[in-house]
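Enquirer: The structure follows.
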Amino acid sequence: LHHSDVSLDVSTTVRHHPGEAIVTALVIGVGGAALGCSALEVAVYGVLENIVQLIGHADIRLPVWLARAGRVVFVTPQFHRIHHSSNRQQTDSNYGQVFAFWDKVFGSFGGYADEARGPVEFGLRDFRDPTSQRLDQVLLLPFHIRRRD
(Lines of atoms letter the chains of each structure in order from A and count residues from 1; the text may use other names and numbers.)
(Lines give C-alpha, C1' and ligand atoms only; values in the text may rest on other atoms or scores of the structure.)
Protein backbone atom coordinates (compact mmCIF):
# COMPACT_ATOMS: atom_id res chain seq x y z
CA LEU A 1 0.00 0.00 0.00
CA HIS A 2 2.81 2.41 0.93
CA HIS A 3 4.54 1.87 -2.42
CA SER A 4 1.36 2.16 -4.48
CA ASP A 5 1.30 5.96 -4.02
CA VAL A 6 1.79 7.55 -7.45
CA SER A 7 2.63 10.95 -6.01
CA LEU A 8 5.35 10.81 -3.38
CA ASP A 9 4.85 13.41 -0.65
CA VAL A 10 4.72 13.70 3.11
CA SER A 11 1.36 11.84 3.22
CA THR A 12 3.13 8.77 1.81
CA THR A 13 4.92 8.50 5.18
CA VAL A 14 1.71 7.44 6.92
CA ARG A 15 0.19 5.53 3.99
CA HIS A 16 0.32 2.06 5.52
CA HIS A 17 -2.24 -0.66 6.01
CA PRO A 18 -3.68 -0.70 9.55
CA GLY A 19 -2.65 -4.35 9.90
CA GLU A 20 0.93 -3.45 9.02
CA ALA A 21 0.95 -0.72 11.68
CA ILE A 22 -0.12 -3.22 14.33
CA VAL A 23 2.48 -5.81 13.31
CA THR A 24 5.21 -3.16 13.10
CA ALA A 25 4.39 -1.85 16.60
CA LEU A 26 4.53 -5.39 17.99
CA VAL A 27 7.82 -6.20 16.27
CA ILE A 28 9.45 -2.96 17.40
CA GLY A 29 8.16 -3.34 20.96
CA VAL A 30 9.14 -6.99 21.32
CA GLY A 31 12.39 -6.51 19.39
CA GLY A 32 13.35 -3.51 21.48
CA ALA A 33 12.62 -5.40 24.70
CA ALA A 34 14.59 -8.45 23.48
CA LEU A 35 17.58 -6.21 22.76
CA GLY A 36 17.31 -4.74 26.24
CA CYS A 37 16.14 -1.30 25.13
CA SER A 38 14.07 0.73 27.53
CA ALA A 39 10.66 2.03 26.54
CA LEU A 40 12.19 5.52 26.41
CA GLU A 41 14.91 4.39 23.98
CA VAL A 42 12.35 2.74 21.70
CA ALA A 43 10.18 5.87 21.86
CA VAL A 44 13.12 8.18 21.05
CA TYR A 45 14.04 6.02 18.05
CA GLY A 46 10.38 6.06 16.93
CA VAL A 47 10.25 9.85 17.08
CA LEU A 48 13.56 10.16 15.20
CA GLU A 49 12.38 7.66 12.58
CA ASN A 50 9.10 9.55 12.05
CA ILE A 51 10.85 12.90 11.66
CA VAL A 52 13.38 11.49 9.17
CA GLN A 53 10.64 9.65 7.26
CA LEU A 54 8.44 12.76 7.03
CA ILE A 55 11.39 14.63 5.53
CA GLY A 56 12.46 11.66 3.37
CA HIS A 57 9.02 11.37 1.76
CA ALA A 58 8.42 15.11 1.44
CA ASP A 59 8.16 16.62 -2.00
CA ILE A 60 10.88 19.14 -1.20
CA ARG A 61 14.30 19.98 -2.46
CA LEU A 62 16.78 20.49 0.35
CA PRO A 63 19.44 23.16 -0.13
CA VAL A 64 22.44 21.56 -1.84
CA TRP A 65 24.74 22.01 1.17
CA LEU A 66 22.19 20.43 3.53
CA ALA A 67 21.40 17.54 1.17
CA ARG A 68 25.10 16.72 0.75
CA ALA A 69 25.84 16.94 4.46
CA GLY A 70 22.69 15.09 5.53
CA ARG A 71 22.80 12.22 3.05
CA VAL A 72 26.10 10.96 4.44
CA VAL A 73 24.24 9.77 7.54
CA PHE A 74 20.48 10.30 7.18
CA VAL A 75 17.83 9.38 4.63
CA THR A 76 17.03 12.48 2.55
CA PRO A 77 14.30 13.01 -0.07
CA GLN A 78 16.81 12.59 -2.91
CA PHE A 79 17.99 9.32 -1.36
CA HIS A 80 14.58 7.82 -0.56
CA ARG A 81 12.69 8.81 -3.74
CA ILE A 82 14.59 6.11 -5.66
CA HIS A 83 13.13 3.45 -3.35
CA HIS A 84 9.60 4.47 -4.43
CA SER A 85 10.30 4.15 -8.15
CA SER A 86 8.03 1.97 -10.27
CA ASN A 87 11.25 0.50 -11.70
CA ARG A 88 11.87 -2.73 -9.76
CA GLN A 89 15.68 -2.38 -9.75
CA GLN A 90 15.39 1.09 -8.20
CA THR A 91 12.70 0.01 -5.71
CA ASP A 92 15.02 -2.75 -4.54
CA SER A 93 17.54 -0.20 -3.32
CA ASN A 94 17.85 2.54 -0.71
CA TYR A 95 15.99 0.65 2.02
CA GLY A 96 17.23 2.90 4.86
CA GLN A 97 14.59 4.18 7.26
CA VAL A 98 16.71 6.62 9.25
CA PHE A 99 20.36 5.99 8.44
CA ALA A 100 21.44 6.02 4.78
CA PHE A 101 24.83 4.46 5.40
CA TRP A 102 23.30 0.98 5.92
CA ASP A 103 22.57 0.75 2.19
CA LYS A 104 26.21 1.46 1.39
CA VAL A 105 27.35 -1.11 3.97
CA PHE A 106 25.02 -3.84 2.61
CA GLY A 107 25.42 -2.96 -1.09
CA SER A 108 21.82 -1.85 -1.68
CA PHE A 109 22.60 1.81 -2.38
CA GLY A 110 20.98 2.85 -5.66
CA GLY A 111 22.02 6.47 -6.02
CA TYR A 112 20.03 9.67 -5.69
CA ALA A 113 17.04 11.20 -7.43
CA ASP A 114 18.65 14.14 -9.17
CA GLU A 115 18.93 15.89 -12.52
CA ALA A 116 21.47 13.34 -13.78
CA ARG A 117 19.04 10.46 -13.21
CA GLY A 118 16.02 12.32 -14.58
CA PRO A 119 12.39 12.03 -13.44
CA VAL A 120 11.32 9.10 -11.27
CA GLU A 121 7.94 7.45 -11.87
CA PHE A 122 6.35 6.47 -8.54
CA GLY A 123 3.89 3.76 -7.62
CA LEU A 124 3.26 0.16 -8.55
CA ARG A 125 2.69 -0.20 -12.28
CA ASP A 126 -0.28 -2.55 -11.83
CA PHE A 127 -2.05 -0.13 -9.50
CA ARG A 128 -1.61 3.31 -11.12
CA ASP A 129 -5.18 3.75 -12.35
CA PRO A 130 -7.59 5.99 -10.35
CA THR A 131 -9.76 3.04 -9.24
CA SER A 132 -6.75 1.29 -7.68
CA GLN A 133 -5.99 4.45 -5.71
CA ARG A 134 -9.40 4.56 -3.96
CA LEU A 135 -9.35 3.92 -0.20
CA ASP A 136 -11.37 0.70 -0.42
CA GLN A 137 -8.99 -0.65 -3.06
CA VAL A 138 -5.74 0.30 -1.31
CA LEU A 139 -6.98 -1.38 1.88
CA LEU A 140 -7.48 -4.57 -0.15
CA LEU A 141 -4.11 -4.21 -1.89
CA PRO A 142 -2.16 -6.52 0.46
CA PHE A 143 -4.57 -9.32 -0.46
CA HIS A 144 -4.14 -8.98 -4.25
CA ILE A 145 -2.11 -11.70 -5.91
CA ARG A 146 -0.39 -10.00 -8.82
CA ARG A 147 3.10 -10.33 -10.13
CA ARG A 148 5.05 -7.09 -9.99
CA ASP A 149 7.42 -6.14 -12.84
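Just add 162 to the spot in the sequence shown (first one is 1) and you have the working numbering.
Think of the CB as a built atom: it goes at the ideal place given N, C-alpha and C, for glycine as much as any other residue.
Looking at Thr253: is its Cβ nearer than 9 Å to the Cβ of Gly218?
Expert: Taking the sequence shown and counting its residues from 1, the one referred to as residue 253 is at position 91. Taking the sequence shown and counting its residues from 1, the one referred to as residue 218 is at position 56. Against a cut-off of 9 Å, the Cβ pair of Gly218 and Thr253 comes out as no contact.
Enquirer: Considering Cα atoms alone, identify which of Leu216, Pro304, Arg296 and Asp288 is closest to Leu170.
Expert: Start at 1 with the first residue of the sequence shown, and residue 170 comes out as number 8. Checking every option, the nearest Cα to that of Leu170 belongs to Leu216.
Enquirer: When the Cα of Val237 is compared with those of Gly269, Trp264 and Leu202, which residue comes out closest?
Expert: Walking along the sequence shown from the start, residue 237 turns up at place 75. Closest option to Val237, Cα to Cα, is Trp264.
Enquirer: Which two residues bound the contiguous alpha helix (DSSP H) that contains Asp298?
Expert: Indexing the sequence shown from 1 puts residue 298 at position 136. Segment Leu297 to Leu302, the alpha helix (DSSP H) holding Asp298.
Enquirer: Taking only three categories from DSSP, how would you classify Ser317?
Expert: In the structure as shown, the chain begins at 163 and stops at 311. Residue 317 is therefore absent and cannot be evaluated.
Enquirer: Identify which residue in His246, Lys266 and Leu202 has its Cα closest to the Cα of Ser233.
Expert: Taking the sequence shown and counting its residues from 1, one reaches residue 233 at position 71. First, the amino acid is wrong: residue 233 is Arg here, not Ser. Checking every option, the nearest Cα to that of Arg233 belongs to Lys266.
Enquirer: Take the Cβ of Ile244 as the centre, count every other Cβ of all protein chains shown within 10 Å, and call the residue buried at 16 or more, exposed below.
Expert: Against the sequence shown, residue 244 aligns to sequence position 82. Result: buried.
Enquirer: I need the straight-line Cα distance from Phe284 to Ala187, nearest angstrom please.
Expert: Counting from one through the sequence shown, the residue named residue 284 turns up at place 122. Counting from one through the sequence shown, the residue named residue 187 turns up at place 25. Going by the C-alpha atoms only, they are around 27 Å apart.
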